[in-house]
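What follows is a set of notes on a single structure, which appears directly below.
Chains as they are written, first to last, in UniProt numbering: chain A, 1 to 308; chain B, 1 to 308.
Structure representation (structure tokens):
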């Protein structure tokens with residue numbers, strides 16, 4: 001590998017991490033974390049989600065957090081939306097980058113948004129119709145590999161959904177997600193390689209994975225080797241479910257950055273600056289932290305972990 | 001991948017894990033752990049080391065632990081030895097499988113055994129001359145990829161040492177070790193692929209890695225993809241250094257078994273039976289545990305971790 005290679009990290013801690021924390025994080029603290037992550041070199045963030053405030057009270061401050069993230073020069077701040085109504089809210093609040101999510105698994109999609117996956121495809125088309133000129137779009141395909149209810153997904157099921165989705169907006173960034181953390185690198189590599197060949201019209205692929213079974217980095221690497229250059233990660237490995245002890249979160253940003261930089265793949269992120277931010281992230285009350293690099297680079301004083 | 005593939009796990013917790021724990025573990029408890037690991041299907045173990053009792057008082061009971069491991073039907077129990085004198089002790093105690101260790105890095109080898117690496121090659125030859133018919137030999141090449149003092153090792157340095165070592169006993173099992181946990185999967189794959197091509201006379205290759213930076217499984221997978229079929233791992237991910245907080249241990253046996261089985265690579269090990277043993281391993285006073293699968297498969301009641 002040469003030093004000219006680069007990976008883009010999308011920091012999803014402020015959305016996927018924070019939403020898993022039951023105790024309310026003050027809005028100012030969320031904004032401060034985003035500022036500090038920016039100061040480490042992070043230039044893409046999933047800043048929040050526009051979702052039901054009843055279902056996810058933690059993200060009721062979405063508009064304020066999004067505005068603060070967008071105010072950072074050069075920061076690309078995407079916000080998650082599960083349906084048309086919340087997409088409208090996000091656009092009304094000034095979003096320049098929506099991330100729509102649906103699930104490849106019928107059971108998981110019904111559980112999340114009470115729709116069949118192909119009904120969510122129609123919803124996606126309605127959102128695309130609504131987008132003002134210049135609004136960027138990420139498409140997150142949850143349970144693309146594995147479903148918490150049904151186990152391993154047939155690739156054909158995922159491809160049937162992508163067949164319908166991709167031509168609605170070929171310049172959307174497509175992100176197959178390992179929602180459960182149970183996929184293995186062979187399957188990540190196989191599905192993503194096949195997808196990249198099957199949909200040459202897609203210009204940007206991303207990968208989103210969890211580290212529940214310790215395969216977080218191995219799966220990220222498999223995605224990279226398949227040709228994916230945009231990787232989701234959460235500082236401090238946040239993202240575990242507070243209602244399911246032992247469930248663990250997103251692959252940690254500091255681990256992903258450390259791996260890529262050690263392989264001479266540039267991320268633009270200063271790992272030394274990131275470690276103290278990740279340590280503070282790991283100490284958010286109610287959070288479930290993960291990842292190894294934070295403690296490995298901080299041996300004299302291991303981070304306090306909210307799970308300990 | 002087909003289900004006919006198989007990986008052999010060498011459980012190194014009783015040596016590499018226990019030696020890192022300052023508080024003495026009762027001999028009966030060590031033997032009980034080995035019995036329970038055997039009951040999960042483990043058939044290779046690095047049961048202990050014959051080393052200076054002054055330097056490593058934890059392993060002063062080597063002969064007794066080794067005898068108990070060897071008494072288990074079908075268990076292949078290797079014991080680590082750093083020099084001729086301790087090899088003689090191990091053989092006198094009845095060892096049927098020695099594991100000699102030397103370091104590719106001059107500084108690390110001098111720090112460990114006060115010899116240059118090529119002086120350890122001569123010591124290795126003397127041990128080979130001493131072996132009774134039928135005694136198996138593993139050769140562990142520590143710092144084959146990375147040295148705690150000098151950083152990344154030049155592959156040529158490691159190959160120069162292997163050139164000298166391998167023809168002394170071509171039927172020894174060769175195990176390049178990532179001692180620091182800092183190697184990345186690209187370098188694991190490159191060195192092992194090259195070694196397998198360079199030394200066709202070697203029948204068995206093994207890989208030994210640590211998970212300090214979260215790359216444990218990714219590196220094991222890279223070794224597997226390079227053609228290595230024997231993997232060292234420690235239950236509960238034991239192996240951190242009690243004198244260096246934040247340093248973390250071997251890749252955990254339960255994580256490796258979970259990964260391989262999920263990829264349809266048979267290990268012969270019952271993961272459901274292994275998890276409670278790993279939980280007990282993680283609770284050894286003074287131990288530093290690692291790995292994710294133990295808690296992921298035990299969500300209702302996360303393991304108590306001695307590091308918490």
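Glycine is no exception: its CB is placed at the ideal position from the N, C-alpha and C atoms.
Contact with chain B by residue 255 (chain A), beta-carbon distance below 7 angstroms = Chain B, which has a Cβ nearer than 7 angstroms to the Cβ of residue 255 (chain A), makes this yes.
Residue range of the alpha helix (DSSP H) that residue 280 (chain B) falls in?
-> 271-282
Roughly how many angstroms lie between the CA atoms of residue 213 (chain A) and residue 94 (chain B), to the nearest whole one?
-> 39 angstroms
Just checking, does the segment 190-207 of chain A make contact with the segment 107-124 of chain A on the three C-beta pairs under 8 angstroms criterion?
-> no
Through-space distance from residue 73 (chain B) to residue 310 (chain B), alpha-carbon basis | With chain B running from 1 to 308 in the structure shown, residue 310 (chain B) is simply not present.
Does the distance from the C-beta atom of residue 144 (chain A) to that of residue 177 (chain A) stay below 7 angstroms?
-> yes
Alpha carbon of residue 104 (chain A) to alpha carbon of residue 163 (chain A), nearest angstrom | 12 angstroms
Under a CB-based cut-off of 7 angstroms, is residue 2 (chain B) close to chain A?
-> Low confidence applies here, because residue 2 (chain B) scores a pLDDT of 46, under 50, leaving its location unreliable and the question unanswered by this model.
Nonlocal neighbours in the same chain, by C-beta distance under 6 angstroms from residue 23 (chain B), ignoring five residues either side | 285, 286
Could you give the DSSP three-state label for residue 131 (chain B): helix, strand or coil?
-> coil
Exposed or buried, residue 187 (chain B), counting other C-beta atoms within 10 Å across all chains shown (16 or more means buried)?
-> Classification of residue 187 (chain B): buried, given that the 10 Å Cβ count is 16 or more.
Do you know offhand how far residue 293 (chain A)'s Cα is from residue 273 (chain A)'s?
-> 13 angstroms
Check whether the Cβ atoms of residue 291 (chain B) and residue 20 (chain B) lie closer than 7 angstroms to each other.
-> Not in contact: residue 291 (chain B) and residue 20 (chain B) (Cβ atoms no closer than 7 angstroms).
Minimum C-alpha distance to residue 253 (chain A) - residue among A:85, A:11, A:5 = With distances taken between Cα atoms, residue 253 (chain A) lies closest to A:11.
What does residue 309 (chain B) reach in chain A if we use C-beta pairs closer than 9 angstroms?
-> Here chain B has residues from 1 to 308 only, and residue 309 (chain B) is not among them.
Could you tell me whether the Cβ of residue 229 (chain A) comes closer than 7 angstroms to any Cβ of chain B?
-> no
Can you name the residues that DSSP bridges to residue 48 (chain B)?
-> B:79
Among A:97, A:189, A:101, nearest to residue 225 (chain A) - alpha-carbon criterion = If we check each option's Cα against that of residue 225 (chain A), A:189 comes out closest.
Output the boundary residues of the beta strand (DSSP E) element that contains residue 100 (chain B).
-> 97-103
With DSSP as the reference, please indicate the residues paired to residue 115 (chain A) in a beta bridge.
-> Paired residue(s): none; residue 115 (chain A) is not in a bridge.
Under the assumption that residue 289 (chain A) contacts residue 237 (chain A) (Cβ atoms under 8 angstroms), give the Cβ distance between them as a whole number of angstroms.
-> 5 angstroms
Step through the CB atoms of chain E and report whether any lies within less than 7 angstroms of the CB of residue 213 (chain A).
-> Among the chains of the structure shown, chain E does not appear; the protein chains present are A and B.
Using beta-carbon positions only, say whether residue 44 (chain A) and residue 76 (chain A) come within less than 7 angstroms of one another.
-> yes
Taking buried to mean at least 16 other C-beta atoms within 10 Å of its own C-beta, is residue 48 (chain A) buried or exposed?
-> buried
Look at the Cβ atom of residue 295 (chain B), then the Cβ atom of residue 248 (chain B), and state whether they are nearer than 7 angstroms.
-> Against a cut-off of 7 angstroms, the Cβ pair of residue 248 (chain B) and residue 295 (chain B) comes out as no contact.
Please go through the segment 199-272 of chain B and give each complete alpha helix (DSSP H) segment of 4 or more residues, from N-terminal end onward.
-> You should have 216-226, 253-262.
In whole angstroms, what is the alpha-carbon distance linking residue 231 (chain B) and residue 31 (chain B)?
-> Taking the straight line from one Cα to the other gives about 22 angstroms.
Helix, strand or coil for residue 151 (chain B) per DSSP?
-> The DSSP-derived three-state label of residue 151 (chain B) is strand.
Figure out for me which residue from B:234, B:179, B:195 has the closest Cα to the Cα of residue 156 (chain B).
-> Residue B:195 is the option with its Cα nearest to residue 156 (chain B).
For residue 185 (chain B) and chain A, any beta-carbon pair shorter than 7 angstroms?
-> Between residue 185 (chain B) and chain A, the shortest Cβ-Cβ separation is below 7 angstroms.
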